[in-house]
Each structure stands twice: as C-alpha cells, then as structure tokens.
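Asker: Numbering (our numbering), first residue to last: 45 to 225.
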C-alpha cells in the first residue's frame with residue numbers, strides 16, 4: 045500500500061499544473077528513496093540538473109549531501125530525499141510563497157504521512173520556513189523541533205556549504221548528533 049501511495053503521489057507530481065512552474069520545467073522531481081525510510085531529507089526546490097533528470101539532489105549539492113550523510117553514519121539509499129517545491133524555479137530563483145505553499149500542501153504533507161519517518165531534516169531557510177514557519181534558520185539550526193507529531197531537524201543546505209565551506213563541519217555535526225542510529 046505504501047509503495048502504491050508514494051507512486052501515486054509521484055505520478056501526480058509529474059503531471060502537476062497547479063502553479064506556473066509546470067510550464068517551464070523539463071521534469072518534475074517528486075523525490076526518491078525507500079518507502080520504509082526512517083529519515084526524510086528536504087531541500088528547497090529542484091535545480092538545473094534535477095530538472096533534467098527528474099531526481100533530487102543529483103548535482104554538486106547532491107554529491108555534498110551524500111558525503112555528509114555518509115560522514116554522519118547514513119547512506120543515501122536508506123533516506124527519502126525530496127524538496128518542498130517539486131519543479132525548478134526559473135534561473136534557480138527562490139520559490140515564491142505561493143509555489144512553496146502549493147507544493148507543500150498538495151504533495152509534501154502527503155509524502156510525510158505515507159513515509160512516517162522518525163526524523164525530517166530540513167535543509168536551509170526555505171524548507172524550514174515552509175514547514176515550521178520560522179523566518180531565521182539561525183534560531184532553529186541544529187535543533188530538533190516537534191510539530192504535528194513529527195520531529196524536524198533544521199540545518200544548512202548543502203548549497204550554502206558549497207558557497208561557504210566552513211559550514212560543512214556544522215552540517216555534519218548537526219546530522220551526526222541527530223540522525224536516528
């Protein structure tokens with residue numbers, strides 16, 4: 045039942061036309077990972093390489109994510125990886141509130157109900173704001189927050205680490221301390 049449900053949500057994402065992003069995308073990016081994943085990792089939106097492949101976190105930020113997950117004791121293949129916004133905003137701009145809210149409400153909350161992970165890792169300010177309605181990542185970074193019966197860890201997005209490599213140790217530390225073992 046879970047597999048069918050995740051597949052049906054993915055099929056809806058692939059056919060989605062709920063916002064203008066659908067007009068410009070190559071492929072929607074519903075997310076991927078095992079249906080019994082205990083960890084769900086959530087980024088902002090699809091980027092250029094994700095738009096071409098239909099898979100989340102496959103570019104430079106994805107390679108960094110894989111590395112920090114491994115350093116923290118997790119394998120990418122054991123984690124469900126997705127984004128709040130399932131399509132690429134033009135020129136990789138930040139998603140608008142309407143785009144964020146539309147995707148979150150139509151797809152993300154359904155994915156989380158199907159998966160029932162032990163921990164949802166929110167990567168960056170956009171994902172944190174979309175789910176926890178917190179404007180500043182600094183106030184919640186590194187902390188596990190409980191909302192609506194789910195535990196969320198807020199931390200840096202791998203793209204931020206690519207821009208500022210000194211953040212890598214912080215990202216790895218947040219994951220190492222909080223990922224379910």
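Cβ atoms here follow ideal geometry from the backbone N, Cα and C, with glycine treated the same way.
Would you kindly report the start and end of the unbroken beta strand (DSSP E) that includes residue 196?
Answerer: On the chain shown, residue 196 is found 152 positions in, with the first residue counted as 1. Element bounds for residue 196: 194 to 199.
Asker: Under 8 Å between the Cβ atoms of residue 193 and residue 124?
Answerer: What you label residue 193 is simply residue 149 of the chain shown in a count that begins at 1. What you label residue 124 is simply residue 80 of the chain shown in a count that begins at 1. No; because the gap between Cβ atoms is not below 8 Å, this pair is not in contact.
Asker: What residues are listed by DSSP as bridge partners for residue 214?
Answerer: Here residue 214 is taken as the residue at index 170 of the chain shown, counted from 1. DSSP output for residue 214 lists no bridge partner at all.
Asker: Please state the DSSP three-state secondary structure of residue 144.
Answerer: Mapped onto the chain shown, residue 144 falls at position 100. In the structure shown, residue 144 sits in a helix (DSSP, three-state: H, G or I).
Asker: Let me make sure I understand the geometry here. Which of 71, 107, 218 has the alpha-carbon closest to that of residue 199?
Answerer: Residue 199 sits at position 155 when you count from the first residue of the chain shown. Among 71, 107, 218, the Cα nearest to that of residue 199 is on 218.
Asker: May I ask you to verify whether the segment 49 to 58 touches the segment 179 to 197, counting CB pairs closer than 8 Å and requiring at least 3?
Answerer: no
Asker: On the premise that residue 120 lies in contact with residue 113, defined as a C-beta separation below 8 Å, what is that separation, rounded to the nearest angstrom?
Answerer: Position 69 of the chain shown, counted from the first residue, corresponds to residue 113. Position 76 of the chain shown, counted from the first residue, corresponds to residue 120. Right, their Cβ atoms sit about 6 Å apart.
Asker: Would you call the CB atoms of residue 65 and residue 133 closer than 8 Å?
Answerer: Translated into positions along the chain shown, residue 65 becomes position 21. Translated into positions along the chain shown, residue 133 becomes position 89. Their beta carbons are under 8 Å apart, which means residue 65 touches residue 133 by this criterion.
Asker: Per the contact definition of three or more C-beta pairs closer than 8 Å, is the segment 92 to 100 in contact with the segment 170 to 181?
Answerer: no
Asker: With a threshold of 7 Å on Cβ separation, who are the neighbours of residue 204 within its own chain once the five nearest residues in sequence on each side are excluded?
Answerer: Position 160 of the chain shown holds residue 204. Around residue 204: 168, 211.
Asker: Which value, in whole angstroms, describes the spacing of the CA atoms of residue 116 and residue 160?
Answerer: On the chain shown, residue 116 is found 72 positions in, with the first residue counted as 1. On the chain shown, residue 160 is found 116 positions in, with the first residue counted as 1. Cα-Cα distance, rounded: 21 Å.
Asker: Apart from the five residues on each side of it in sequence, which residues of its chain come closer than 6 Å, Cβ to Cβ, to residue 139?
Answerer: Translated into positions along the chain shown, residue 139 becomes position 95. If we look at residue 139 and ignore the five residues flanking it on each side, its Cβ neighbours are 89, 129, 133.
Asker: Please identify the residue among 196, 224, 182 whose C-alpha is closest to the C-alpha of residue 214.
Answerer: By one-based count along the chain shown, residue 214 stands at place 170. Nearest C-alpha to residue 214: 182.
Asker: Roughly how many angstroms lie between the CA atoms of residue 201 and residue 102, to the nearest whole one?
Answerer: Start at 1 with the first residue of the chain shown, and residue 201 comes out as number 157. Start at 1 with the first residue of the chain shown, and residue 102 comes out as number 58. C-alpha separation (whole angstroms): 14 Å.
Asker: Could you tell me which residues DSSP puts in a beta bridge with residue 185?
Answerer: Here residue 185 refers to the residue found at position 141 of the chain shown. Per DSSP, 198.
Asker: Can you tell me whether residue 87 is helix, strand or coil according to DSSP?
Answerer: On the chain shown, position 43 is the one that residue 87 refers to. Residue 87: strand per DSSP, three-state reduction.
Asker: Report yes if the CB atom of residue 105 is closer than 8 Å to the CB atom of residue 206, and no otherwise.
Answerer: Within the chain shown, the letter at position 61 stands for residue 105. Within the chain shown, the letter at position 162 stands for residue 206. Cβ atoms of residue 105 and residue 206: closer than 8 Å.
Asker: Can you round the beta-carbon distance between residue 118 and residue 83 to whole angstroms, since I take them to be within the 8 Å contact cut?
Answerer: Counted from its first residue, the chain shown places residue 118 at position 74. Counted from its first residue, the chain shown places residue 83 at position 39. So it is a contact: roughly 6 Å between Cβ atoms.
Asker: In three-state DSSP terms, what is residue 79?
Answerer: Along the chain shown, one-based indexing puts residue 79 at 35. Of the three classes helix, strand and coil, the one that applies to residue 79 here is coil, per DSSP.
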